[in-house]
Every structure is written in C-alpha cells, then in structure tokens.
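Trainee:
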Amino acid sequence: MTDDHPTLARQLGFERGMKVWFRDMPAPIRSAIDPPGNDLEELVAPSQGIEGAAIFVDARDALSKEVHALHELLTPAGFVWVAWRSGLDESVVRETGRSFDMLPTDTAAIGDWTAMKLVGKGAH
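In my numbering, the protein residues as written are 6 to 129.
1. Rounding to the nearest angstrom, what Cα-Cα distance links Gly22 and Phe84 in this structure?
2. Which residue wins for smallest C-alpha separation from Asp117, given the options Gly54, Gly102, Glu77, Trp89?
3. Since Leu123 sits in a beta bridge, which residues does DSSP pair it with?
4. Kindly confirm or deny that the region 38–48 and the region 89–103 touch, where touching means at least three C-beta pairs closer than 8 Å.
5. Between the C-alpha atoms of Ala64 and Pro41, what's the straight-line distance to the nearest angstrom?
6. In or out: Ala14 buried (at least 16 other Cβ within 10 Å) or exposed?
See the structure below:
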C-alpha cells in the first residue's frame, strides 16, 4: 500500500482493488475511505466475493439482517465493519456476529460512529 492511500481506509483494512460493499455510509466517511482514484471496487449490491464491507445501522433487526446476509457473501478473509451511534452497543454487535459464526477482532471510531470489525471464524 502506498503512502497516499487514505488513512481511514488503511486503518479499517480497505486496500486498493478490494471488492467492497457499503450500507448507508455517510457521504463524508465515504469520501474519506474511497476518494476518486482510490480504486476500491464498490459493488452496487451485496454479492458473492465481498472482501470488505461497512454497514451503518441503528437497530438490532437491521444489524441481524445485514450480518446474516453478508456472512454468506464474504471471502474467507473478508470482514464487516458494523457502525452505530445509538440503539446498539458492543455486546449486541458481538452477540449478533457470533450467532453467524463471526468474531469481533477490532473496534474503531469512524467519524462520530462507534464500529466493530467482524470476521469469519476461519479468518481469525
């Protein structure tokens, strides 16, 4: 990865050329992660082979629905960042991930959102 790769993208593990999907990502965060020329392959809809995803949710049902769908579509080394501001907490995200055989490996602040990284058990 070169030095001009955006810091937020690097911190979250998004690398040039990765096949990614973002759900409800705020525009300022999207601009910081994938400015023009960053070369992430952003999918218009979730599909098989996702290497990295970021979902922005505020309710347990949305969290469960998205993690359920994504865990089947990730590559073996793929990951999902779950970001929330209210309505959820780390224990809810951790529990939801584990119910779909995904383990928490990291936490971060993404703008004014709290986030937790989930990976498949095989990637841990």
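The beta-carbon is built from N, C-alpha and C at its ideal position, and this holds for glycine as well.
Mentor: Based on what the coordinates show:
1. The residue given as residue 22 occupies position 17 in the sequence shown. The residue given as residue 84 occupies position 79 in the sequence shown. Cα to Cα, the separation comes out at about 15 Å.
2. Numbered from 1 along the sequence shown, position 112 holds the residue referred to as residue 117. With distances taken between Cα atoms, Asp117 lies closest to Trp89.
3. Residue numbering aside, residue 123 sits at position 118 when the sequence shown is read from its first letter. Leu123 pairs with Val85, Pro109.
4. no
5. Your numbering for residue 64 matches position 59 in the sequence shown. Your numbering for residue 41 matches position 36 in the sequence shown. Spanning the two alpha carbons is a distance of roughly 31 Å.
6. Position 9 of the sequence shown, counting from 1, holds the residue named residue 14. Buried: at least 16 other Cβ atoms inside 10 Å.
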